[in-house]
Amino acid sequence: MTTTVYGLKNCDTCRKATKWLDRFGVAHTFVDYRDTKPTPETLVEWAGKLGGFEAMVNKSSTTWRQLPDNRKAAASDAEWKLLLREYPQLIRRPLVVTDDGEISQGFSDNGFKKRFNID
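When we follow the working numbering, the leftmost residue of the sequence shown carries the number 567, and every step to the right adds one.
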């Protein structure tokens with residue numbers, strides 16, 4: 567199974583997730599949002615599987631709190647796509663995609679054990 571981890575190089579949670587995958591021998595590729603911004607089509611696919619654009623956004627982040635209110639009130643998919651392409655660091659991390667089409671966000675030891683069927 568191919569696993570791709572999307573996040574930020576300097577994010578502690580992303581580092582924990584990739585170290586966990588290394589420790590349990592799960593082959594993966596890491597993609598930094600800032601270096602390789604997700605395409606609008608990819609964002610729409612992720613949003614569809616994660617419960618919408620709002621569910622993808624880390625609203626407790628400094629970046630979100632510093633946005634003007636009018637940017638936080640994205641009313642359409644087009645506005646969300648524009649916002650997340652401009653500020654990819656708003657996407658909850660890590661975002662993990664496997665080739666079976668499953669997508670998840672965040673990291674926890676138990677969550678990853680369940681996701682990757684490790685006892």
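Where a beta carbon is used, it is the ideal one built from N, C-alpha and C, also for glycine. Since we're looking at a predicted model, the values are computed, not measured.
| query | Along the chain, which unbroken stretches of the alpha helix (DSSP H) at least 4 residues long are found entirely within the stretch 642-682? | reply | 643-652, 675-681
| In its own chain, which residues sit with a C-beta less than 6 Å from the C-beta of Pro606, not counting the 5 before and 5 after it? | Same-chain partners within the cutoff: Lys647.
| task | Please name the residue, chosen from Pro654, Glu620, Arg651, Gln655, that lies closest to Glu638 on a Cα-to-Cα basis. | result | Position check: residue 638 holds Lys in this sequence, whereas Glu was assumed. Checked all of Pro654, Glu620, Arg651, Gln655; the closest Cα to Lys638 is Glu620.
| query | Using the rule of at least 16 other Cβ atoms within 10 Å of the residue's Cβ for burial, across every protein chain shown, is Pro634 buried or exposed? | reply | exposed
| said: Once DSSP output is grouped into helix, strand and coil, what is the label at Val610? | reply: helix
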